[in-house]
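Going by our numbering, 119 is the number at position 79 of the sequence shown; the sequence numbering is gapless.
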Amino acid sequence: MTMFLIGQYDSPFVRRVAIAMRLYGLKFDHKPWSTFGDAEKIAPYNPLRRVPTLVLDDNEALIDSTAIIDYLDELAGSDKAMIAAKGIERRRHLRTIALATGLGDKSVSLVYESALRKERLELWVDRCEAQIKGALDALEKERTAAKTPYLFGERIGHSDIAVACVLRFTNEAHSHLFMAEAYPALAAHSAMCEALPAFKEIVQPLAPPKR
């Protein structure tokens, strides 16, 4: 049995995991199940009915992109892992990843707000947009300061993948919030990553849920 990844690639979290698996050379099957249309298919593996969910070859299910990637690093080994094992470099990676995934959470929340609610809750929208802008500003500052091809060195890391996946989602979902002229360093980072074979292979246009 080959391990399989549940979730659609328009999710920045599912895509992040799939790209990491491809870059690590790990074989997996893909189940493009939707958290709305296929919730009951997901439930036996993840009672939260959320994605990504990675089902291992012994049928154990891992949930949450951060936990899944921690396992993938273990499989890859310390020499290949796309994050430092310890120390300040690891903490810097984790901080950037937290900013990126937090940005992704808020971008997804805004998609659900517009797709599933009949009337916008302006207070919530304003808060999410402020959080998105704050994260983008911080990430732009970090990317501008980086003098290497990738955020933390000469080779791609988990922080690069997380940032790029979330930027694509945010641009597709809320283009008024992520504009290239306002965030040139992030726009360049996104373009660089999206040109890589794994990113070209693992991609899906955004398809918001419907009421």
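Beta carbons: idealized from backbone N, C-alpha and C, even for Gly.
Distance CB(residue i)-CB(residue j) smaller than 7 Å
{"i": "T188", "j": "E194", "result": "yes"}
{"i": "S51", "j": "V91", "result": "yes"}
{"i": "Y64", "j": "A116", "result": "yes"}
{"i": "L207", "j": "L226", "result": "yes"}
{"i": "F76", "j": "M43", "result": "no"}
{"i": "I108", "j": "V57", "result": "yes"}
{"i": "V151", "j": "A213", "result": "yes"}
{"i": "I128", "j": "A238", "result": "no"}
{"i": "I172", "j": "L217", "result": "yes"}
Boundaries (first-last residue) of the alpha helix (DSSP H) holding residue i
{"i": "D145", "result": "G127 to L156"}
{"i": "I46", "result": "Note, I46: premise wrong, no alpha helix (DSSP H); beta strand (DSSP E) at F44 to I46."}
{"i": "K71", "result": "Run containing K71: none in the alpha helix (DSSP H); it sits in the beta strand (DSSP E), D69 to K71."}
{"i": "L18", "result": "The question about residue 18 has no answer, for the chain in this structure spans 41 to 251."}
{"i": "M219", "result": "Note, M219: premise wrong, no alpha helix (DSSP H); not H, not E."}
{"i": "K240", "result": "P237 to E241"}
{"i": "E194", "result": "No alpha helix (DSSP H) contains E194, which DSSP labels as neither H nor E."}
{"i": "E80", "result": "A79 to I82"}
{"i": "H229", "result": "P224 to E234"}
{"i": "F53", "result": "P52 to Y64"}
Through-space distance from residue j to residue i, alpha-carbon basis
{"i": "S154", "j": "G142", "result": "19 Å"}
{"i": "R130", "j": "D200", "result": "13 Å"}
{"i": "M219", "j": "C233", "result": "17 Å"}
{"i": "M61", "j": "C168", "result": "30 Å"}
{"i": "S230", "j": "D110", "result": "23 Å"}
{"i": "R157", "j": "I103", "result": "27 Å"}
{"i": "D119", "j": "G197", "result": "13 Å"}
{"i": "T210", "j": "A204", "result": "10 Å"}
{"i": "D78", "j": "D177", "result": "36 Å"}
{"i": "R135", "j": "E182", "result": "11 Å"}
{"i": "R132", "j": "L112", "result": "19 Å"}
{"i": "E114", "j": "L66", "result": "12 Å"}
{"i": "K71", "j": "S215", "result": "28 Å"}
{"i": "K250", "j": "E159", "result": "14 Å"}
{"i": "A170", "j": "A83", "result": "33 Å"}
Proximal residues to residue i (C-beta, below 8 Å), its chain only, five neighbours per side dropped
{"i": "T106", "result": "I137 and T141"}
{"i": "A175", "result": "L139, A140, G142, L143 and K146"}
Enclosing beta strand (DSSP E) for residue i [first to last residue]
{"i": "A101", "result": "A101 to I103"}
{"i": "T93", "result": "T93 to V95"}
Close-in-space but distant-in-sequence residues of the same chain around residue i (CB under 6 Å, 5 per side omitted)
{"i": "G144", "result": "P52 and V206"}
{"i": "T93", "result": "I46, Y85, N86, A101 and I103"}
{"i": "T184", "result": "A225"}
Close beta carbons around residue i, own chain, < 7 Å, minus the five adjacent residues each side
{"i": "Q244", "result": "Q48, Y49 and D50"}
{"i": "K81", "result": "W73"}
{"i": "A202", "result": "R56, I137, A140 and T141"}
{"i": "Y223", "result": "L176 and E180"}
{"i": "I242", "result": "Y49, R55, A58, I59 and R62"}
{"i": "F192", "result": "E129, R132, H133 and S199"}
Min CB distance residue i to chain B below 7 Å
{"i": "M43", "result": "Structure shown: chain B not included; a single protein chain is present."}
Residue i CB to nearest heavy atom of the ligand SAM below 6 Å
{"i": "T136", "result": "Absent from the structure shown: the ligand SAM. Ligands present: none."}
*Touch test, the segment 119-130 against the segment 78-96, Cβ-Cβ under 8 Å, three pairs minimum*: no
*Would you be able to state if there are at least three C-beta pairs under 8 Å between the segment 161-177 and the segment 93-105?*
no
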